[in-house]
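In the numbering used here, the protein residues as written are 288 to 666. Virtual Cβ for every residue (Gly too), placed ideally from N, Cα, C. Source: prediction; values computed, not measured. Report on the following structure.
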C-alpha cells in the first residue's frame, strides 16, 4: 500500500509493455486510464486542492474562482455563454488555472512520457522512482457518474492528441482517491482492507528512476514527444529544446570517445611517423625538433625545454577534433604558435618556418592516428 492506494514496482520502464498487455488493460469492454507523475511521492491532488494544502475544496472558493476566471476571459477569444462549469474549468486548466480537474490519458505510454519527460531538480529530495496511476474507468462510471469528464468542444488540441480526459473533484471534496474508495466501500464492491480487491479499480505502478534518455528515445519512435502531444508553439519549442539538449550531450560523448580512441592510437602512430605524441616524451620530442631547426638557443636566452612544454600546452588547447582536415584549423594553430613564439622572443626570422613545421608534424601525426582509429588499430 502506498498511502491508501495499492501499488507495485516493476524492474524497468521496459516492463510497462508487459503489464499493459494483460487484462484489464487490453479489455475492449473495460477502460483503464492512466496518469504519469515525475515523482513517486506526488499524490492525486488537483491544483485547486493543493491551494488548500491538500484539504477539501471550499465550495464558495471554487465558485468564486470560476466566476472570476469567466469574467477575466471576456474579450480574449472565448465565449463561455451556455457552457457548463467543467468545460470552463477545462479551458482554464489548459492555460494554467488552478482547477478541480486532473488530466488522465487512455494511453499508458503517454502517461509514461509525462512521468519521464522532465529531469529531477537538484534542490529536491531523492526520487528513487517515478509513477503511473491506473484507474478503472468503466467499473466506476456507474458508481461515480460525475467523476469523469471529457470536453465536447475542440479548442484543446493537446487533449485530443494525448487521448485525454479529466477526473473532477467536486466542491467539498479533497481528491479522487478518497471518493473512489468511499463509493466502492458503500456499494459493497470491495473489502476496503483487501488491497487486491481495491487494486482492480485503482493502483499505482512505481518505475525505477533510471535510463530516462533511453525511455524517451523509445517513446519518440512511437511518435510520443512534445511536438505531437503539444501541437502548439509551446510544444514545438519544448521539442526543439529537447533535441538541442540531446544533440549536445551526444556530441560531448562522441568527442570523449574520439579523444580516448586517439590517445590509444597516438603512441603507435607517433612511432611509425616519427613525430611527438601526447605522452610523457612529447615535450622532449619537440625540444629535439627545435634543436634540429637550428642553433636558435645559442645565446642562452631561450630555454628549449621550456619552449617545448609551452608549445605542447598551446597545441592541446587550440587543436580540436579533426582540426588537421580543415584549412581554418591549421591556420588557427599556426597563428597561435607564432604568437607564442613572439611572446618568448623567439628570433623573428624563423618564427614562421618553425610554426609551419610544427603544424605539419602535428597534422601528420593526428591524421595518422585517425586512420588507425578507423581501421581498428591496424596499420
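Are the CB atoms of residue 377 and residue 438 nearer to each other than 8 Å? yes
Closer than 8 Å by C-beta to residue 617: which residues in its own chain qualify, once you throw out the five before and the five after it? Chain order, please. 610, 611, 646, 650
Tell me the rounded alpha-carbon separation between residue 359 and residue 435. 26 Å
Would you mind working out which of 604, 594, 644, 652 sits nearest residue 633, comparing C-alpha positions? 594
Which of helix, strand or coil does DSSP assign to residue 416? strand
Go through the segment 301 to 380 residue by residue and report every complete run of the alpha helix (DSSP H) that reaches 4 residues or more, in order. 303 to 307, 334 to 337, 346 to 359
Relative to the C-alpha of residue 382, which residue among 330, 607, 365 is closest? 365
Spatial neighbours of residue 577 within its chain, please: CB distance less than 6 Å, with the 5 preceding and 5 following residues excluded, ordered by chain position. 591
Do residue 467 and residue 506 come within 8 Å of each other at the CB atom, strictly closer than that value? no
Which of the three DSSP states is assigned to residue 487 in this structure? coil
Short of 7 Å in beta carbon distance, which residues of its chain neighbour residue 460, apart from the five on each side in sequence? Order them along the chain. 343, 344, 466
Could you tell me the alpha carbon to alpha carbon distance between residue 293 and residue 427, rounded to whole angstroms? 17 Å
Under three-state DSSP, which class holds residue 401? helix
For the beta strand (DSSP E) containing residue 394, list its first residue and its last residue. Taken as a continuous stretch (DSSP letters only), residue 394 belongs to no beta strand (DSSP E), as it is neither H nor E.
Under 8 Å between the Cβ atoms of residue 320 and residue 494? no
Can you list, in chain order, the residues of its chain with a C-beta nearer than 7 Å to that of residue 456? Leave out the 5 residues immediately preceding and following it. 333, 336, 344, 387, 462, 463
State the Cα-Cα distance for the pair residue 289 and residue 361, rounded to the nearest angstrom. 43 Å
Cβ-based burial, residue 300 [other Cβ within 10 Å; buried from 16]: buried
Please determine, among 379, 483, 326, the residue with the shortest C-alpha to C-alpha distance to residue 707. With the chain covering 288 to 666 only, the question about residue 707 has no answer from this structure.
Along the chain, where does the alpha helix (DSSP H) containing residue 593 start, and where does it finish? 591 to 605
DSSP has residue 423 in a bridge; who is on the other side? 319
Tell me, please, which residues DSSP counts as bridged to residue 388. 455
First and last residue of the alpha helix (DSSP H) that includes residue 294? Where residue 294 is concerned, there is no enclosing alpha helix (DSSP H), although the beta strand (DSSP E) it sits in stretches over 294 to 296.
Report the rounded CA-to-CA distance for residue 558 versus residue 654, giving the unit in angstroms. Low confidence applies here, because residue 558 scores a pLDDT of 47, under 50, leaving its location unreliable; read the following figure in that light. Near 14 Å, if we compare the C-alpha coordinates of residue 654 and residue 558.
Can you give me the C-alpha to C-alpha distance between residue 318 and residue 421, rounded to a whole angstrom? 10 Å
Compare the Cα-Cα distances from residue 640 to each of 630, 624, 631 and report the closest residue. 624
Evaluate the contact criterion for the segment 401 to 416 versus the segment 304 to 313: three or more CB pairs, one atom per stretch, below 8 Å. no
If you draw a straight line from the alpha carbon of residue 532 to that of residue 329, how long is it in whole angstroms? 26 Å
Taking buried to mean at least 16 other C-beta atoms within 10 Å of its own C-beta, is residue 575 buried or exposed? exposed
Within the continuous alpha helix (DSSP H) that includes residue 620, where are the two ends? 614 to 630
Could you spell out where the alpha helix (DSSP H) holding residue 501 opens and where it closes? 499 to 508
Grouping DSSP H, G and I as helix and E and B as strand, with all else coil, what is residue 495? strand
Expressed to the nearest angstrom, what Euclidean distance is found between the alpha-carbon atoms of residue 356 and residue 308? 42 Å
Assumed close pair residue 471, residue 488 - CB separation to whole angstroms, cut-off 8 Å: 6 Å
Roughly how many angstroms lie between the CA atoms of residue 627 and residue 638, to the nearest whole one? 10 Å
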